[in-house]
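Protein chains: 2
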Amino acid sequence: MNMKHPIDTTEGYLKKHGIKPSYQRIRIYDYLATHKNHPSVDHIYQDLRHDIPTLSKTTVYNTLKLFQVKGVLQVIVIEENENRYDADTDVHGHFRCEKCQKIYDVPVNISQLHPNGLEDFLIKENHIYFKGLCAMCRKK
Amino acid sequence: MNMKHPIDTTEGYLKKHGIKPSYQRIRIYDYLATHKNHPSVDHIYQDLRHDIPTLSKTTVYNTLKLFQVKGVLQVIVIEENENRYDADTDVHGHFRCEKCQKIYDVPVNISQLHPNGLEDFLIKENHIYFKGLCAMCRKK
DNA sequence: GTATCTGCAAAACATTTGCAATTCT
DNA sequence: AGAATTGCAAATGTTTTGCAGATAC
């Protein structure tokens, strides 16, 4: 579980954010909270459909869009043609290895970054990511 | 023109990077160099097809992919479902206004950002972007 | 019983691929 | 001529939409 208030259940956590906790929504949120490898829609769908045979991909899309609007996940736009999802809503960066394709979490101190010219802008989201070779792939 | 060596022509600049300067490639590069608003493939295609009626979108895709591989542009992955392109290959950030959709350049000092845990990683690309409301949209 | 949620099928996009015609040297 | 480039048409893959049936309160 990856929740701000660990005492909560997923159901309570979703409710608190104005999301009706249907069975599918709870399962999708729990999947994200326990699979921190920044899954794509298809990852989520393929894994969950073994447990929930009636699940449809549309529901996964609907649910993730709702989660995004309600602020319980962040969309990681790092691949050029598919979105990834992360239940960790704290500001942090990502690293994508161009060889093994894995996406790593990267702790970054955003306060060190003082962009000029944005003084009158309202910044709602910070996105930082890196691409290259991870330690393992680099050695080979 | 947005070139490291302003003395060059587009033709010379492309050659230097191992790109045969065909008519279409020169026109697409010039478009990027003079339109710094981070256009999408469709922006480029729709604008250039008035001048070059035979231009195909495939050629725009082919050319941008080639430019990316040869390192004369960077792909900005900031929209959730389409790529944007920038002939400025220096490290810099972007800000996308969620209201007017405009993408602004943001000078950032990447060296201020010392991500932990990437010591053995080879970082080839840095990407930093922000989302929110720009100064103009915020006032309204 | 009325709202909402789910999921199938189809549509809408962005992007890629196969291949034939064109262009360049 | 030979090699690279262009561009049409079709395919692919992701995401969205319309809508009917199921579910929840």
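For the protein sequence lines, the chains are A and U, in the order given. Counted the way the working numbering counts, the first sequence spans residues -12 to 127. Counted the way the working numbering counts, the second sequence spans residues -12 to 127. By construction, the Cβ of each residue, glycine as well, lies at the ideal position given by its N, Cα and C atoms.
May I have the straight-line CA-CA distance separating residue 132(U) from residue 16(U), to the nearest angstrom?
Residue 132(U) lies beyond the range of chain U shown here (-12 to 127); nothing can be said about it.
So if I threshold CB-CB distances at 7 Å, which residues from the segment 79 to 91 of chain U count as touching chain A?
The segment 79 to 91 of chain U vs chain A, Cβ under 7 Å: 80 and 82.
What residues in its chain sit with their C-beta under 6 Å from that of residue 74(U), if we drop five residues either side in the sequence?
In the second sequence, counting from the first residue as 1, residue 74(U) sits at position 87. Same-chain partners within the cutoff: -11, 19, 20 and 60.
Please list the terminal residues of the continuous alpha helix (DSSP H) segment that includes residue 47(A).
Numbered from its first residue, the first sequence carries residue 47(A) at position 60. Its alpha helix (DSSP H) spans residues 44 to 57.
Which whole-angstrom value describes the C-beta separation of residue 46(A) and residue 58(A), a residue pair presumed to lie in contact below a C-beta threshold of 8 Å?
On the first sequence, residue 46(A) is found 59 positions in, with the first residue counted as 1. On the first sequence, residue 58(A) is found 71 positions in, with the first residue counted as 1. No, residue 46(A) and residue 58(A) are not in contact; Cβ-Cβ is about 20 Å, not under 8 Å.
When you check each C-beta in the segment 99 to 127 of chain A against every C-beta of chain U, which residues fall closer than 7 Å?
Cβ contacts with chain U come from 99, 100, 102, 103, 104, 105, 107, 108, 109, 110, 111, 112, 113, 114, 115, 116, 117, 118, 119, 120, 121, 122 and 125.
From this set, 104(U), 109(U) and 84(U), which residue's C-alpha is nearest residue 149(A)'s C-alpha?
Residue 149(A) falls outside the range modelled here, since chain A spans only -12 to 127, and no answer is possible.
Residues in the same chain with beta-carbon distance under 6 Å from residue 31(U), minus the five sequence neighbours each way, listed in chain order, please.
As a first step, residue 31(U) is located in the second sequence; it is residue number 44 there, counting from the start. 18 and 47, listed in sequence order.
In the DSSP output, which residue or residues are listed as bridge partners for residue 117(U)?
Reading the second sequence from its first residue, position 130 is the one you call residue 117(U). 113(A) and 82(U).
Starting from the C-beta of residue 111(U), find all residues in its chain whose C-beta is less than 7 Å away, skip the five residues before and the five after it, and write them out in chain order.
The residue you call residue 111(U) lines up with position 124 of the second sequence. No residues qualify anywhere along the chain.
Tell me the DSSP bridge mates of residue 90(U)?
Along the second sequence, read from residue 1 onward, the residue named residue 90(U) stands at position 103. Beta-bridge pairing links residue 90(U) to 83(U).
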